[in-house]
Amino acid sequence: MRVRWKDFELPTRVILDDATATPTYGKFIVEPFEQGVGVTVGNSLRRMLYSSIEGCAVTSLKVKGVSHEFSTIKGIVEDVTDIVLNLKQLLVKLNGENTKKLRLEADKKGEVKASNILPESGVEIVNPDLHICTSTGDVEFKAEIEVRRGRRYVTSEEYINENREIGVIPVDASFSPVKRVRYKVENTRVGKRTNYDRLILEIWTNGIVTPEYALVEASKILR
């Protein structure tokens with residue numbers, strides 16, 4: 013069925029390539045567009061997907077016995093800077109709340125992973141096998157991790173002016189769950205004409221949201 017508005021041909025369907033789809037990758041085909049419109053829509057969606065989709069990220073860290081990010085921790089191989097870098101890779105879903113403080117506790121020799129974070133209602137750790145640090149002995153390691161919901165990339169300087177306790181280390185936060193977007197435009201046929209645009213859009217996410225969700229949200233913003 014053709015859909016037209018003021019003599020403009022409008023897309024009638026969005027198709028997900030089920031054969032290649034995963035929870036973090038989606039290939040979508042949208043058609044038809046008037047000639048030249050496919051590039052405009054593809055570029056606009058790409059910008060929205062990178063900048064405007066909400067995600068969650070670590071925004072601060074507090075480690076027991078540590079006063080600043082350049083400290084070392086007795087019995088822990090990594091220094092605090094390395095631990096912060098590892099925690100930037102933590103993938104968390106917050107269900108309902110905009111901010112949550114998580115507790116991480118370990119007291120055994122060996123690897124400390126995201127799975128050592130104590131369970132919290134409304135919180136899902138997407139990558140529980142993430143390496144956080146390594147303990148060389150039976151030492152106590154306790155940390156409080158603040159996770160927030162947000163958009164885009166926010167530097168730690170934006171949190172410095174907030175009323176924070178001594179020892180709380182602000183962390184640069186990359187909230188965007190969209191890791192990569194690629195699009196191309198091909199010719200497609202409508203009736204006897206073959207000069208319409210077909211938009212092929214590929215989306216990769218970090219697993220906090222699905223590619224389908226990201227595309228729907230970006231489309232809502234562009235309306």
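To convert a position in the sequence shown, counted from 1, into our numbering, add 12.
All C-beta atoms, glycine included, are put in the ideal place defined by N, C-alpha and C.
Pro44 and Thr200 closer than 7 Å at C-beta: yes
Lys232, enclosing alpha helix (DSSP H) - first and last residue: 223-234
Beta strand (DSSP E) segment containing Thr206, residue limits: 205-217
Val159 and Val221 closer than 7 Å at C-beta: no
Beta-carbon spacing of Glu81, Thr93 below 7 Å: yes
Delimiting residues of the alpha helix (DSSP H) encompassing Asn55: 49-63
Delimiting residues of the alpha helix (DSSP H) encompassing Asn98: 92-99
Same chain, Cβ closer than 8 Å to Val15, neighbours up to 5 away in sequence not counted: Because Val15 carries a pLDDT of 45, less than 50, the predicted location of this residue cannot be relied on, and the following value inherits that uncertainty. Taken in chain order, the residues that qualify are Glu21, Leu22, Pro23, Thr24.
Inter-residue spacing [alpha-carbon to alpha-carbon] between Leu28 and Ser56: 19 Å
Contact set for Gly134: own chain, Cβ-Cβ below 8 Å, skip 5 residues either direction: Leu106, Asn107, Gly108, Glu109, Lys112
Close beta carbons around Ser127, own chain, < 6 Å, minus the five adjacent residues each side: Pro140
Contact set for Lys125: own chain, Cβ-Cβ below 8 Å, skip 5 residues either direction: Pro140, Asp141, Leu142, His143, Ile144
Gly77 burial status per 10 Å Cβ neighbour count (16 or more: buried): exposed
Per DSSP, cross-strand counterpart(s) of Ala69: Arg160
Bridge-paired residues (DSSP) for Ile27: Ile41
Reference Leu97, options Val26, Glu136, Lys154, Asp184, closest by Cα: Asp184
Inside the region 172-200 only - alpha helix (DSSP H) runs reaching at least 4 residues: none
Integer Cβ distance of Cys68 from Arg192, believed to fall under 8 Å: About 19 Å; that fails the 8 Å criterion.
Alpha-carbon to alpha-carbon, Ala33 and Arg164: 25 Å
CB of Gly219 within 7 Å of CB of Thr36, strictly: yes
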